[in-house]
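Taken in order, the first sequence gives residues 67 to 714; the numbers are from my numbering. Ideal Cβ placement from N, Cα and C applies to all residues, glycine included. Okay, structure first, notes after.
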Amino acid sequence: MSTGSSIELVFPDGSLRTFPQGTTGAQVAASISEGLGRTALGAVINGRQVELQRPIAESGTIKIVRWDDDEGKTMFWHSSAHLLAEALEALYGQVKFGIGPPIENGFYYDVDFGGHKLSDADLPAIEAKMLELAKNNSVFNWYLVPKADALAYFEAKGDHLKLDLLQGLQDGDISFVRHGNFTDLCRGGHVPHTGHIKAIKLMSVAGAYWRGDEKNQMLTRIYGVSFPKKALLDEHLLRLEEAKKRDHRKLGKELGLFMFSQKVGQGLPIWLPKGAALRERLERFMRQAQKEIGYLQVITPHIALKELYVTSGHYEKYGADSFRAIDTPSEGESFFLKPMNCPHHCEIYKGSPRSYRDLPLRLAEFGTVYRYEQSGELHGLTRVRGFTQDDAHVFCRPDQVKEEFKKVIDLIFKVFSALGFTDFEAQVSLRDQEDRSKYIGTEENWAKAEQAIIEAAQEKGLHTVTAYNEAAFYGPKLDFMVRDAIGRKWQLGTIQVDYNLPERFELEYVGNDNERHRPVMIHRAPFGSLERFIAVLIEHTAGEFPLWLTPEQAIVLPISDRFLDYAEKVLNQLNKCDIRASIDARGEKIGKKIRDAELNKVPYMLIIGEKEVEAGAVSVRKHRQGDVGSMSIGRFSDLIAEEINIKI
RNA sequence: GCCGAUGUAGCUCAGGGGUAGAGCGCUUCCUUGGUAAGGAAGAGGUCAUGGGUUCAAUUCCCAUCAUUGGCUCCA
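Right under this line is the structure:
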């Protein structure tokens, strides 16, 4: 409660202190410690980010934020976007500004250059201008103006974008922020002055539709990132380099896993022998895991009549975005490439009468599906036009939904842990809260499905986040996001509850009351798609796959060609022990062979020479670790078997 | 689909109006070497494709295709 002359502020640690009315965030920070006073970038008061120099108007919660706080970075990058705008105006004059928000790793500004075309080559000059302007230590002044004045200001400036933004704002006072020679419409939350921005890197230029709507004008978006210290920028750029080294497109090529062919078509991955073998091992692993918990494997064709997808609702929803229909020469039939496996599985369900005793019926298929994706969206293996889902559909009674859902969660846990994804979170994807026209099915069924997901996730103790407008058009989802070895988030597995398809396909079972009932369907794919999963696995492991998956587990390195015969014998024995291996028979020195094997990320190198031949042994060297000593092949194969068992 | 960039040897890339270069890889020869690069020689490219400008285009211009960073979309 604030009195006339003082305010009370609650700090993040729960402590409460009283300050005179009109105290600024900066004064509060300085009162805590000299260090905080120096490093503070902003304040979060009652959940709102505000500048340190603003007097605090009312009592409430306060958090002084620094660079290390997320809010600190947000304010820092937001301020940097203003600085970018100032630089652009200084360099190019008549520039219209859209929005310039902070993002996960930096900031961007959407601008309209009129006729001028900006390219990457212009970025260094803009960067230099920003750094130059930053040195002015221009204070970010936040102030209120009447809406009429705000309109007049941007009217005079001819900035139709800001005017458009203003239309959407409530009448009354509008907040502006001014620093140096630049004034912008802005909600607020800036660092004290531009001098804090010490290192800037403008990353790229891209097109972006105004307000994200493709019917609107396309603006030029400039992406950038900035830091309070040069060293932090260098570190950031190093991280990007590291990510680049792990890029699955690069590693996939280097390791001979997959390729694309212009003649085959964009977005259609081709699996090379090593990649295909890796993929098969993943499939085998999944088949086994599913078999253990009662899934039945099925196989369905790659095309189906249009009517199937009319029934399922996919035609109405995605017909226009599908590959063109395949028409038969004389019968006038119209087929579509399979974009989903579920309609086929529904037909399997329908193929014979079902009793409540048959449920749950769990049909699994590594189903290859084809979807027309816009050309600009294709990306390596993560976004393709033809891919294989580790798909399955659980048909069950309404009373079994939650239990079945939980079993699927367990399966996903098992898969993730076997593959080393220990850090993940689950996202409950629900409908758009306003626009429900995008979805099919009754309100009642949606409510039931959403409830089942939320409860199952809770009972499994999952840490979940809720995302609206992320549901599939026929039902809500539980999506699993894993965090990879360098901290990036990827969406992998998904589980979806569906009351709608059973309805549309008129699926039934006979209950113990001898009446007909409608089953519920659960769609699920722990990997999501094999393509995408392998892409993520490549980037997560940097191409150093778990031993049980890796295409080449060992390589035999003879010291000279005098030992080639023995090398062949060793290879034979390895094959017998089911160890995937090859021989490096080149006329190179051992150092070179070792180097190449290390670079190729082969887990084990078996070096053989005079000593090994005499002892009937191999000298084992482990990738990244070095020499682990000499042993018999039997011992080596035990070693490998042991390592595989620990990991799965 | 839209905006920007890119496309030269198997890979990574340099070059530049007068029909091309490096490193790695590959082949052959010499070397027979003990835990991250031994030496030499050689093969390999219609400079993405199609037009245009020019005496001459891989180089400049246009279009197409593909890749790529974004936007939109994502069953």
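Within 10 angstroms of the Cβ of residue i, are there 16 or more other Cβ atoms? Answer buried if so, exposed if not.
i	result
VAL531	exposed
ASN511	buried
ILE519	buried
TYR381	buried
GLN233	exposed
MET67	For MET67, the pLDDT reaches just 45, beneath the cut-off of 50, and the residue's location in the model is therefore unreliable, although a value from the coordinates is still provided. With fewer than 16 other Cβ atoms within 10 Å, it is exposed.
GLN332	exposed
LYS473	buried
MET196	buried
ASN578	exposed
GLU597	buried
THR260	buried
THR140	buried
SER270	exposed
Rounded to a whole number of angstroms, what is the C-alpha to C-alpha distance between residue i and residue j?
i	j	result
ALA92	ALA123	14 Å
LEU323	PRO335	10 Å
SER648	GLY700	17 Å
GLU307	LYS319	18 Å
HIS314	MET325	11 Å
GLN160	ALA187	20 Å
GLU680	TYR632	10 Å
ARG661	THR607	20 Å
ARG628	LEU615	32 Å
GLU572	ILE128	57 Å
CYS408	LEU427	13 Å
PHE84	VAL76	It is worth fixing the name first, because residue 84 is Thr in this sequence and not Phe. Distance between the alpha carbons of THR84 and VAL76: 9 Å.
SER626	SER483	42 Å
ARG463	VAL586	6 Å
GLU678	LYS480	41 Å
ILE369	ARG584	27 Å
GLU491	LEU528	7 Å
GLY255	GLU193	22 Å
ARG305	TYR422	55 Å
GLN115	LEU231	20 Å
GLU100	ASP79	19 Å
ARG31	GLY507	This structure cannot speak to residue 31, because the chain is shown only from 67 to 714.
PHE179	LYS267	20 Å
GLY164	LEU251	10 Å
ALA156	LEU317	43 Å
Which residue wins for smallest C-alpha separation from residue i, given the options the options?
i	options	result
THR366	TYR415, VAL668, GLY385	TYR415
ILE392	LYS372, SER685, ASP693	LYS372
HIS245	LYS223, LEU227, PHE206, HIS256	PHE206
VAL563	LEU573, GLU610, ARG598, LYS514	LYS514
ILE673	THR260, PRO624, LEU630	PRO624
TYR375	PHE401, TYR361, GLN354	PHE401
ARG287	LEU210, LYS504, ASP215, SER185	SER185
SER685	GLU100, LEU251, ALA620	ALA620
VAL291	MET284, GLN283, LEU285, ASP300	ASP300
ALA342	THR454, ALA355, GLU431	THR454
LEU544	LEU362, VAL494, GLU509	VAL494
TRP749	HIS226, ILE263, GLN87, LEU705	Nothing about residue 749 can be read from this structure; the chain reaches only from 67 to 714.
GLY644	ALA683, LEU705, ASN282, THR394	This sequence places Asp at residue 644; Gly is not what is there. When only C-alpha atoms are compared, the closest one is LEU705.
According to DSSP, residue i sits in a beta bridge with which residue or residues?
i	result
VAL116	ALA109
GLY715	In this structure the chain extends from 67 to 714, so residue 715 is not present and cannot be described.
ALA591	THR560
THR127	VAL76
TRP337	PHE324
PHE432	ASP456
ARG549	LYS555
VAL177	PHE163, THR286
TYR275	MET284
PHE206	PHE206 pairs with nothing; no bridge assigned.
MET671	ILE621, ARG687
THR90	PRO121
VAL576	SER421, ARG582
SER400	ASP393
PRO168	PHE173
ASP188	DSSP output for ASP188 lists no bridge partner at all.
Any chance you could list the alpha helix (DSSP H) runs of at least 4 consecutive residues sitting entirely within the stretch 455-530, in chain order? 467-484, 509-525
Just list the beta strand (DSSP E) runs in the stretch 584-669, keeping only unbroken ones of 3 residues or longer that don't cross its boundaries, in chain order. 586-591, 620-624, 647-649
My parser needs the alpha helix (DSSP H) runs of 4 or more residues fully inside the stretch 209-248; what are they? 213-223, 226-233
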